Amino acid sequence: MSIAFEIFIWLIVETGLSFLFYSTGWLLLKVVTFGLYKNEFKDFVSYKASKARRVDLTFLLGFGFYVALITLMAYLTH
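Our numbering numbers the first residue of the sequence shown as 1 and each following residue consecutively.
What follows is the structure, given as C-alpha coordinates:
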(Lines of atoms letter the chains of each structure in order from A and count residues from 1; the text may use other names and numbers.)
(Lines give C-alpha, C1' and ligand atoms only; values in the text may rest on other atoms or scores of the structure.)
Protein backbone atom coordinates (compact mmCIF):
# COMPACT_ATOMS: atom_id res chain seq x y z
CA MET A 1 0.00 0.00 0.00
CA SER A 2 1.22 3.44 -0.73
CA ILE A 3 1.80 5.98 2.00
CA ALA A 4 -0.77 8.34 0.45
CA PHE A 5 -3.48 5.67 0.68
CA GLU A 6 -2.60 4.99 4.33
CA ILE A 7 -2.78 8.69 5.16
CA PHE A 8 -6.15 8.94 3.41
CA ILE A 9 -7.54 5.98 5.37
CA TRP A 10 -6.17 7.41 8.63
CA LEU A 11 -7.86 10.77 7.97
CA ILE A 12 -11.19 9.04 7.31
CA VAL A 13 -10.90 7.01 10.52
CA GLU A 14 -9.83 10.07 12.54
CA THR A 15 -12.79 12.11 11.31
CA GLY A 16 -15.24 9.31 12.08
CA LEU A 17 -13.84 8.68 15.55
CA SER A 18 -13.78 12.37 16.42
CA PHE A 19 -17.44 12.67 15.40
CA LEU A 20 -18.26 9.58 17.48
CA PHE A 21 -16.53 11.09 20.51
CA TYR A 22 -18.26 14.45 19.94
CA SER A 23 -21.74 12.92 19.62
CA THR A 24 -21.20 10.72 22.71
CA GLY A 25 -20.06 13.73 24.74
CA TRP A 26 -23.04 15.77 23.54
CA LEU A 27 -25.44 12.98 24.47
CA LEU A 28 -23.84 12.57 27.90
CA LEU A 29 -24.20 16.30 28.56
CA LYS A 30 -27.87 16.14 27.57
CA VAL A 31 -28.51 13.16 29.87
CA VAL A 32 -26.51 14.40 32.86
CA THR A 33 -28.02 17.91 32.75
CA PHE A 34 -31.54 16.49 32.15
CA GLY A 35 -31.86 18.34 28.85
CA LEU A 36 -30.75 21.73 30.13
CA TYR A 37 -27.62 21.73 27.96
CA LYS A 38 -28.58 24.20 25.22
CA ASN A 39 -25.80 23.65 22.66
CA GLU A 40 -27.13 22.50 19.28
CA PHE A 41 -26.03 19.13 17.91
CA LYS A 42 -24.01 19.42 14.72
CA ASP A 43 -24.56 16.81 12.04
CA PHE A 44 -21.55 15.11 10.48
CA VAL A 45 -21.22 17.52 7.55
CA SER A 46 -21.35 20.69 9.65
CA TYR A 47 -19.09 19.10 12.29
CA LYS A 48 -16.52 18.23 9.65
CA ALA A 49 -16.72 21.72 8.13
CA SER A 50 -16.36 23.53 11.47
CA LYS A 51 -13.73 21.20 12.90
CA ALA A 52 -10.61 23.16 13.77
CA ARG A 53 -7.42 22.16 15.50
CA ARG A 54 -8.79 23.32 18.86
CA VAL A 55 -9.94 20.73 21.36
CA ASP A 56 -13.66 20.76 22.08
CA LEU A 57 -14.73 19.98 25.66
CA THR A 58 -17.65 17.92 24.36
CA PHE A 59 -15.16 15.84 22.37
CA LEU A 60 -13.02 15.35 25.50
CA LEU A 61 -16.04 14.21 27.50
CA GLY A 62 -16.92 11.61 24.86
CA PHE A 63 -13.30 10.45 24.63
CA GLY A 64 -13.08 10.21 28.43
CA PHE A 65 -16.27 8.14 28.49
CA TYR A 66 -14.80 5.55 26.13
CA VAL A 67 -11.49 5.49 28.02
CA ALA A 68 -13.38 4.93 31.28
CA LEU A 69 -15.52 2.22 29.65
CA ILE A 70 -12.47 0.36 28.31
CA THR A 71 -10.71 0.71 31.67
CA LEU A 72 -13.77 -0.64 33.50
CA MET A 73 -14.05 -3.61 31.12
CA ALA A 74 -10.34 -4.40 31.53
CA TYR A 75 -10.67 -4.18 35.31
CA LEU A 76 -13.73 -6.42 35.44
CA THR A 77 -12.21 -9.09 33.19
CA HIS A 78 -8.95 -9.23 35.10
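Where a beta carbon is used, it is the ideal one built from N, C-alpha and C, also for glycine.
Owing to the predicted nature of the structure, the values given are computational and were not obtained by experimental measurement.
Contact between SER18 and PHE65 does not hold, since the beta-carbon distance rounds to 14 Å and is not under 8 Å.
Between THR15 and LYS48, the gap from beta carbon to beta carbon is short of 9 Å. THR24 counts as buried, since at least 16 other C-beta atoms from the protein chains shown sit within 10 angstroms of its C-beta. Residue environment: GLY35 is assigned as exposed (fewer than 16 neighbouring CB atoms within 10 Å of its CB, all protein chains considered). As for any alpha helix (DSSP H) of minimum length 4 sitting wholly inside the segment 33 to 70, the runs are 44 to 50, ordered along the chain. Here ASN39 is not near LEU27, since their CB atoms are 9 Å or more apart. In this structure, DSSP gives SER18 a helical state, which the three-state scheme calls helix.
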